[in-house]
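Residue numbers (the numbering used here), protein chains in the order written: chain A, 1 to 133; chain B, 1001 to 1133.
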């Protein structure tokens, strides 16, 4: 039987400060907060995905669920809606989020831009279609 | 202007061995490989998402793109298609992938199961709908 996933539903980042994380992802990027537990996590909706930001020191000690944690500067990419790439760049500027790099892919057909979150994670916004069907 | 992302398109894990990663994600879970560069990365399609597995020692030294890396046991969750949760558990068993935990959510309406990849990352398969609309 050939089974397929519909998508990666939960993507996780490990963060230090929930207030700073909320200010950036909710205040800056406009992602709705869908859950928060002080000292442990804050969760955001990102279209059909959820972004789960955990305090690694807490989830490393998990006993009810399998422990998980990470350190470093992780990378994730958000996909924007068709035609809204430039509007996102404008939104980043208005939120005083610096674009650290911009790239083009597939012979210039698709653009993407990179920026950091408060923990130094490397975020990217990509135009739809750049990963194919 | 209220902008929304369609989804998180790229989710990244940091891995040690591309062959072991290929054997697990392609051989075990059946994810199609969409890119591979020896010593640097292997990429998989996972429904409408892509799973990018990087050798952190390589991407940490990146110069053309912003460097990124992580160590630890990261967590991600795949969403299965409606009605296929039990078939996925069967597929895991057939691939000799141990389910380390199973959980139910939203008063038992949704199930999920957890397992490890070769790097100890904590993977989960969730039933559709568990994160709401």
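No residue lacks a Cβ here, since even glycine has one placed at the ideal position from N, Cα and C. Since the structure is predicted, the reported quantities are computational estimates derived from the model, not experimental observations.
**Short-range partners of chain B found in the region 95-107 of chain A, where Cβ spacing is below 9 Å** = 100, 101, 103
**Request:** Enumerate, from N- to C-terminal direction, the unbroken alpha helix (DSSP H) stretches of 4 or more residues contained entirely within the region 1002-1080 of chain B.
**Result:** 1018-1022, 1056-1059
**Request:** On the DSSP bridge assignment, give the partners of residue 103 of chain A in chain order.
**Result:** Residue 103 of chain A sits at position 103 when you count from the first residue of the first chain. Residue 103 of chain A is bridged to A:112.
**Asked** Taking C-alpha atoms, which residue in B:1133, B:1060, B:1120, B:1126 lies nearest to residue 1097 of chain B?
**Response** Position 97 of the second chain, counted from the first residue, corresponds to residue 1097 of chain B. The candidate whose alpha carbon is nearest that of residue 1097 of chain B is B:1120.
**Item:** the region 1010-1023 of chain B / the region 96-111 of chain A touching (three or more Cβ pairs under 8 Å)
**Value:** no
**Prompt:** Where do the N-terminal and C-terminal ends of the beta strand (DSSP E) with residue 1124 of chain B fall, by residue?
**Reply:** Along the second chain, read from residue 1 onward, the residue named residue 1124 of chain B stands at position 124. Residues 1122-1126.
**Request:** Using a cut-off of 9 Å between C-beta atoms, extract the partners of residue 80 of chain A located in chain B.
**Result:** Counted from its first residue, the first chain places residue 80 of chain A at position 80. Within 9 Å Cβ-Cβ: 1003, 1004, 1005, 1006.
**Asked** With distances taken between CB atoms, is the gap from residue 1075 of chain B to residue 68 of chain A smaller than 7 Å?
**Response** Position 75 of the second chain, counted from the start, is the residue given in the question as residue 1075 of chain B. Position 68 of the first chain, counted from the start, is the residue given in the question as residue 68 of chain A. Against a cut-off of 7 Å, the Cβ pair of residue 68 of chain A and residue 1075 of chain B comes out as a contact.
**Prompt:** Alpha carbon to alpha carbon, how far is residue 1025 of chain B from residue 1044 of chain B?
**Reply:** Against the second chain, residue 1025 of chain B aligns to sequence position 25. Against the second chain, residue 1044 of chain B aligns to sequence position 44. When rounded, the distance between both Cα atoms is 8 Å.
**Asked** Quick one, which residues of the region 64-77 of chain A are near chain B if we go by CB-CB under 9 Å, in chain order?
**Response** 64, 65, 66, 67, 68, 69, 70, 71, 72, 73, 74, 75, 76, 77
**Message:** Less than 6 Å between C-beta atoms, sequence neighbours within five positions excluded: which residues of the same chain meet that for residue 1035 of chain B?
**Reply:** Indexing the second chain from 1 puts residue 1035 of chain B at position 35. 1043.
**Item:** Under 9 Å by beta carbon: chain B residues contacting residue 114 of chain A
**Value:** Position 114 of the first chain, counting from 1, holds the residue named residue 114 of chain A. The answer, in chain order, is 1065, 1066.
**Whole-angstrom distance between residue 1059 of chain B and residue 130 of chain A, CA atom to CA atom** = Residue numbering aside, residue 130 of chain A sits at position 130 when the first chain is read from its first letter. Residue numbering aside, residue 1059 of chain B sits at position 59 when the second chain is read from its first letter. Rounded to whole angstroms, residue 130 of chain A to residue 1059 of chain B spans 21 Å at the Cα level.
**Message:** I need the DSSP call for residue 1096 of chain B, collapsed to helix, strand or coil.
**Reply:** Here residue 1096 of chain B refers to the residue found at position 96 when the second chain is read from its first residue. The answer is coil: DSSP assigns residue 1096 of chain B none of H, G, I, E or B.
**Item:** Through-space distance from residue 1079 of chain B to residue 1127 of chain B, alpha-carbon basis
**Value:** Your numbering for residue 1127 of chain B matches position 127 in the second chain. Your numbering for residue 1079 of chain B matches position 79 in the second chain. For residue 1127 of chain B and residue 1079 of chain B, the distance between alpha carbons rounds to 6 Å.
**is_contact[residue 11 of chain A, chain B] using C-beta, thresh 7 Å** = Here residue 11 of chain A is taken as the residue at index 11 of the first chain, counted from 1. It does: the Cβ of residue 11 of chain A has a partner Cβ on chain B nearer than 7 Å.
**Item:** Among B:1062, B:1031, B:1027, B:1032, the one whose alpha carbon lies nearest that of residue 1039 of chain B
**Value:** Here residue 1039 of chain B refers to the residue found at position 39 when the second chain is read from its first residue. Of B:1062, B:1031, B:1027, B:1032, the residue nearest in Cα terms is B:1062.
**Item:** Cβ-based neighbour list, residue 1013 of chain B, same chain, cut-off 6 Å, excluding 5 preceding and 5 following
**Value:** Indexing the second chain from 1 puts residue 1013 of chain B at position 13. Cβ within range, chain order: 1053, 1074, 1121.
**Asked** Applying the criterion that 16 or more other CB atoms from any shown protein chain within 10 Å of the CB defines a buried residue, is residue 49 of chain A buried or exposed?
**Response** For the purposes of this step, residue 49 of chain A is taken as residue 49 along the first chain, with counting starting at 1. So residue 49 of chain A counts as buried.
**Three-state secondary structure (DSSP) of residue 84 of chain A** = Position 84 of the first chain, counting from 1, holds the residue named residue 84 of chain A. Residue state, collapsed to three classes: coil.
**Prompt:** Is residue 72 of chain A buried or exposed, if buried means 16 or more other CB atoms sit within 10 Å of its CB?
**Reply:** As a position in the first chain, residue 72 of chain A is number 72, starting the count at 1. With 16 or more other Cβ atoms within 10 Å, it is buried.
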